[in-house]
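Numbering (the UniProt record's numbering), first residue to last: 1 to 455.
Structure, as structure tokens:
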Ligand SMILES: C[S@@+](CC[C@H](N)C(=O)[O-])C[C@H]1O[C@@H](n2cnc3c(N)ncnc32)[C@H](O)[C@@H]1O
């Protein structure tokens, strides 16, 4: 079943306290628990109401997974809640339910890769928020807001990325027609090892007013969020994040470059399992930008067939052996490339000589054009990225996993969102000039400095 990440009790208590803060329930109020799982919010609501001597609102819990629902029914047998095994995203929910005074959820976080083609098409037809590479939690938001009574109040915990990715522009537009009272950025480890940079958002179904932002450092600020769907990153953070470390990504990397251009990827790139045995020694694993997917590494299952050795030298024509026999079959196509000039470059050379000594090291890669910034690690150092990929070779002193974690974190994301040029559809261009200027924490510079002093 999709996206079951239970909410710890202390977090559920915290959210319930926010839900009822200044809006205490009165007799006959109703409360919806979408994707209720085993019911941690049901328990937290009862704890809060018992402790504060308040009536428990009439609850309805909706859960798709019968296993969780059975558990919820066992856990909350005598509580004021009806627990239903239903699909919260089904249209019938809007027909069968009347509006609720309160809604509280930790909706499922399921990226588009986790959905079937039919599901994607169905959601795209029915939800304004099902745009681009959407996540299930945005649909939960849209559906829940349709069920929130006038003057009602909603509390959701979700990944913070809806504040700034281009995919979530429709959700930002919808949310900004409500009063977004508060966005609290809670601890990264709120869900243990699952790092989603969670935020708790409190929304009133009343006229929009300013929003209180609480940062992970505990700072509070009141802001007016853009209502046109544009990124909230700069407003939420009080401008592009001010990471004034004096050290940039360019300072701590030996190289930040675009992957190699062959002028004929359709010839040089083949599926690994289609490489004839005699050509295996002429191959390097490769990936394109498109093949980089959030949950996978940069191993695409494809390889370059190449006459460049690991120093970037092109093998001379009389030593080509099996490569020569294979390349000869494509000679006409290779000589047809705009980069080929007779007598100037070998007909089997690439568009440019790949700096293999740099490339063949553990590295970090990202797409050249992306909806939202994300960085992958090639620990093997064997991948030769294609032209639609940027690669970063950090200095020896920099731990690859620490740098990757920083680059995938909220500050780097917000900085890139604020500073990268835009391509079509609001996608970001990850140019090396911009990447090189990205501020990084001082520790990366310090370990580099320590290494230099040591040398
Ligand atoms: C992130 S979990 C949260 C569970 C619970 N609310 C909690 O806080 O512990 C999301 C829940 O939504 C349920 N879910 C996923 N898709 C659903 C759908 N279309 N309708 C109803 N529930 C769904 C999952 O089975 C899962 O239990």
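Ideal placement from N, C-alpha and C gives every residue a C-beta, glycine not left out.
It should be emphasised that the depicted structure is a prediction, and the values quoted were computed from it without experimental measurement.
Contact set for residue i: own chain, Cβ-Cβ below 7 Å, skip 5 residues either direction
{"i": "residue 149", "result": "99, 100, 101, 205"}
{"i": "residue 194", "result": "5"}
{"i": "residue 24", "result": "54"}
{"i": "residue 406", "result": "412, 440, 441"}
{"i": "residue 354", "result": "260, 308, 312, 384"}
{"i": "residue 90", "result": "none"}
{"i": "residue 235", "result": "223, 225, 226"}
{"i": "residue 196", "result": "109, 159"}
{"i": "residue 298", "result": "287, 292, 365, 376, 378, 383"}
{"i": "residue 79", "result": "42, 46"}
{"i": "residue 258", "result": "368, 387, 390, 432"}
{"i": "residue 200", "result": "15, 18, 155, 157, 184, 186"}
Distance, residue j Cα to residue i Cα
{"i": "residue 344", "j": "residue 334", "result": "14 Å"}
{"i": "residue 339", "j": "residue 116", "result": "42 Å"}
{"i": "residue 400", "j": "residue 364", "result": "7 Å"}
{"i": "residue 221", "j": "residue 351", "result": "52 Å"}
{"i": "residue 216", "j": "residue 324", "result": "58 Å"}
{"i": "residue 87", "j": "residue 143", "result": "11 Å"}
{"i": "residue 404", "j": "residue 127", "result": "34 Å"}
{"i": "residue 301", "j": "residue 233", "result": "36 Å"}
{"i": "residue 414", "j": "residue 20", "result": "31 Å"}
{"i": "residue 184", "j": "residue 213", "result": "6 Å"}
{"i": "residue 375", "j": "residue 408", "result": "6 Å"}
{"i": "residue 410", "j": "residue 346", "result": "46 Å"}
{"i": "residue 50", "j": "residue 44", "result": "10 Å"}
{"i": "residue 349", "j": "residue 252", "result": "32 Å"}
{"i": "residue 249", "j": "residue 166", "result": "24 Å"}
{"i": "residue 16", "j": "residue 428", "result": "37 Å"}
{"i": "residue 69", "j": "residue 37", "result": "6 Å"}
{"i": "residue 209", "j": "residue 14", "result": "23 Å"}
Residue i: CB within 7 Å of a non-hydrogen atom of ligand 1
{"i": "residue 192", "result": "no"}
{"i": "residue 14", "result": "no"}
{"i": "residue 105", "result": "yes"}
{"i": "residue 88", "result": "yes"}
{"i": "residue 187", "result": "no"}
{"i": "residue 35", "result": "yes"}
{"i": "residue 64", "result": "yes"}
{"i": "residue 7", "result": "yes"}
{"i": "residue 46", "result": "no"}
{"i": "residue 40", "result": "yes"}
{"i": "residue 108", "result": "yes"}
{"i": "residue 68", "result": "yes"}
{"i": "residue 76", "result": "no"}
{"i": "residue 4", "result": "yes"}
Strand pairing of residue i, partner residues [DSSP]
{"i": "residue 326", "result": "For residue 326, which the question treats as bridged, DSSP gives no partner whatsoever."}
{"i": "residue 185", "result": "199"}
{"i": "residue 394", "result": "253"}
{"i": "residue 135", "result": "111"}
{"i": "residue 159", "result": "198"}
{"i": "residue 376", "result": "365"}
{"i": "residue 105", "result": "156"}
{"i": "residue 317", "result": "BP columns for residue 317 are empty, so no partner."}
{"i": "residue 287", "result": "385"}
{"i": "residue 308", "result": "314"}
Proximal residues to residue i (C-beta, below 8 Å), its chain only, five neighbours per side dropped
{"i": "residue 147", "result": "32, 93, 94, 97, 99, 100, 103"}
{"i": "residue 372", "result": "161, 164, 165, 166, 167, 413, 417, 428"}
Enclosing alpha helix (DSSP H) for residue i [first to last residue]
{"i": "residue 30", "result": "First-last for residue 30: 30-34, but that is the beta strand (DSSP E), not the alpha helix (DSSP H)."}
{"i": "residue 45", "result": "40-52"}
{"i": "residue 118", "result": "117-126"}
{"i": "residue 70", "result": "66-75"}
{"i": "residue 459", "result": "Here the chain has residues from 1 to 455 only, and residue 459 is not among them."}
{"i": "residue 16", "result": "9-20"}
{"i": "residue 220", "result": "Not the alpha helix (DSSP H): residue 220 falls in the beta strand (DSSP E), residues 220-223."}
{"i": "residue 62", "result": "Counting along the chain, residue 62 falls outside any alpha helix (DSSP H), though it belongs to the beta strand (DSSP E) covering 58-63."}
Cβ-based neighbour list, residue i, same chain, cut-off 6 Å, excluding 5 preceding and 5 following
{"i": "residue 172", "result": "229"}
{"i": "residue 285", "result": "303, 382, 383"}
{"i": "residue 158", "result": "137"}
{"i": "residue 62", "result": "34, 84, 86, 88"}
{"i": "residue 360", "result": "310, 381"}
{"i": "residue 278", "result": "322"}
{"i": "residue 203", "result": "154, 178, 180"}
{"i": "residue 191", "result": "5"}
{"i": "residue 81", "result": "42, 59, 61"}
{"i": "residue 256", "result": "392, 432, 435, 436"}
Extent of the continuous beta strand (DSSP E) to which residue i belongs
{"i": "residue 364", "result": "363-367"}
{"i": "residue 304", "result": "302-305"}
{"i": "residue 211", "result": "211-214"}
{"i": "residue 84", "result": "81-85"}
{"i": "residue 271", "result": "269-271"}
Min CB distance residue i to chain C below 8 Å
{"i": "residue 87", "result": "Judged by its chain identifiers, the structure shown contains no chain C, having just a single protein chain."}
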